[in-house]
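Below is one structure; the comments refer to it alone.
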Amino acid sequence: METQIFRGQVGQVTAGDIVNFNFVKPEADSNPGADLVPAQRRALNDLVRTITEEFDDEPWDVWRIVHAKLGVKSVQDLTRAQFDLAEQVLKDHLTGRREESLLRGLVSKVLRVSSEKDNRAEVELFCSRNFGTSQFKLLTREQLQATLGFAHDWAPPKSAYEHEPPATHPAKMAPSPLPAERRFTWHWLAVTLLLGFILGRFF
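In my numbering, each number is its position in the sequence shown, counted from 1, plus 201.
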């Protein structure tokens, strides 16, 4: 950009009164191949720190993902034009690690509940019928949530004995009393025998 400075009053300018200055924008500011600025470097380091603290990953292992994706050997090789892509790679990695952690937690809960309820076979059959596999690690988040709900709500089927009404046993009938005439006959027979025994002793 060229700037002119006029000496004297405008309108009375002569050729010798004009001084020209040429301002050129620094090449580093307009060159997309320039190194990262400190703010960009800080943003990438903050993302790497979040990943390593949340999942106990080594920083170098995280940086290697960025290097492989962008085709560089170190963070010093990154340019300003590559910042957006490097940042997105780290954000995608963080999202993926969080999803993996969530899935592992769901699998752990399914295993714990199925063990407590002793219904592992029923849970695996449910997965095979609905999702085509009984391997929990191959299921999506939604499928694992459905599996956990099934395992938690499952109840053992009632046996056939529990469905049948209790058997009724015929009530024991009390012996019916003897008719009055039979009681009378046995009574007099006993008296007659007793009298006969007594009289036989004396006569």
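A virtual CB, placed ideally from N, CA and C, is assigned to each residue, including glycine.
What are the boundary residues of the alpha helix (DSSP H) that includes Pro358?
That residue, Pro358, is in no alpha helix (DSSP H); it is neither H nor E in DSSP.
Go ahead and pull the three-state DSSP assignment for Thr334.
Three-state DSSP puts Thr334 in coil, outside helix and strand.
Taking Val276 as part of the alpha helix (DSSP H), name the residues at either end of that continuous run.
Note, Val276: premise wrong, no alpha helix (DSSP H); not H, not E.
Pairs of beta-carbons, one from the region 343-363 and one from the region 312-332, closer than 8 Å: are there three or more?
Output reads yes: the region 312-332 touches the region 343-363.
Can you name, in chain order, every residue of its own chain whose Cβ lies under 7 Å from the Cβ of Lys338, other than the five neighbours on each side?
Val308
Please give me, in chain order, every unbroken run of the beta strand (DSSP E) with length at least 3 that falls completely inside the region 274-333.
none
State the start and end residues of the unbroken alpha helix (DSSP H) segment that holds Asp247.
Pro239 to Phe256
Sorted by chain position, which residues of the same chain lie with C-beta nearer than 8 Å to Gln277's C-beta, five sequence neighbours on each side aside?
Asp236
Select from Lys359, Lys274 and Ile266 the residue whose C-alpha is nearest the C-alpha of Val249.
Ile266
Please work out which residues of its chain come closer than 7 Å, Cβ to Cβ, to Val290, disregarding the five sequence neighbours upstream and downstream, and give them in chain order.
Ile266, Val267 and Lys270
So which of Ser329, Lys274, Asp285 and Ala282 has the shortest CA-CA distance to Gln344?
Ser329
On the CB-based measure, 16 or more other CB atoms within 10 Å of its CB, does Leu275 come out buried or exposed?
Contrary to the premise, residue 275 reads as Ser rather than Leu in this sequence. It is exposed - the Cβ of Ser275 has fewer than 16 other Cβ atoms within 10 Å.
Apart from the five residues just before and just after Val225, which ones in its own chain have a Cβ nearer than 7 Å to its Cβ?
A caution first: Val225 carries a pLDDT of 43, below 50, which makes its placement in the model too unreliable to give a value.
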